[in-house]
Amino acid sequence: MQYFQAVKIGKDRAAKSQMMLFNLSGFAMLTITTKKKDGQFVPVGEENFVAVIHTPDGYVTILVDEEGYTKAQSKPLEKDAAKEIYKKARESGIVEYSGKQIEIWTERHPTIQNEL
């Protein structure tokens with residue numbers, strides 16, 4: 134797949150995730166649209182999984198693909214607000230991301246939703 138094709142498909146998938154998270158939280162930012170696999174750029178996955186991470190700015194609820202690549206994120210929040218969005222996502226049918234860490238931009242963060 135050519136890079137621009139991966140970007141277009143990934144952007145469409147991430148935009149859907151962004152709108153899902155927006156509907157749950159009132160704010161959502163699109164994050165990653167492509168990932169590199171075996172030296173090739175590929176779009177982020179179609180499925181959505183929910184997780185929470187803790188950054189220096191606060192707690193962030195995220196939607197990731199099956200490999201933990203972040204497609205959409207909330208703004209940094211207080212712990213209880215991130216937990217509430219996480220609960221809404223789970224109640225809406227979004228499955229919890231079972232991985233121990235996610236990738237957002239060039240950083241990896243441990244998932245902490247089970248600690249909330």
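Numbering-wise (this note's numbering), the sequence shown opens with residue 134 and increments by one.
No residue lacks a Cβ here, since even glycine has one placed at the ideal position from N, Cα and C.
Excluding its 5 nearest sequence neighbours in each direction, residue 234 has C-beta neighbours in its own chain below 8 Å: 201, 241, 242, 243 and 244, listed in chain order. Across the structure, residue 197 and residue 163 are spaced so that their CA atoms are roughly 11 Å apart. Contiguous alpha helix (DSSP H) elements confined to the region 159 to 225 occur at 212 to 224, taking only those with 4 or more residues.
Around residue 178, the same chain offers 198 and 199 as residues with beta carbons nearer than 6 Å, after the five sequence neighbours per side are excluded. Around the Cβ of residue 166, a 10 Å sphere holds 16 or more other Cβ atoms; the residue is buried. Shown here, residue 142 sits in a helix according to DSSP, grouped into three states. Residue 219 and residue 193 do not touch by the CB rule: their CB atoms are close to 10 Å apart, not below 8 Å. The beta carbon of residue 160 is closer than 7 Å to those of 207 and 208 in its chain, skipping five residues each way along the sequence.
Distance from the CA atom of residue 214 to the CA atom of residue 148, rounded to whole angstroms, is 22 Å. For residue 245, there is no enclosing beta strand (DSSP E), as DSSP marks it with neither H nor E.
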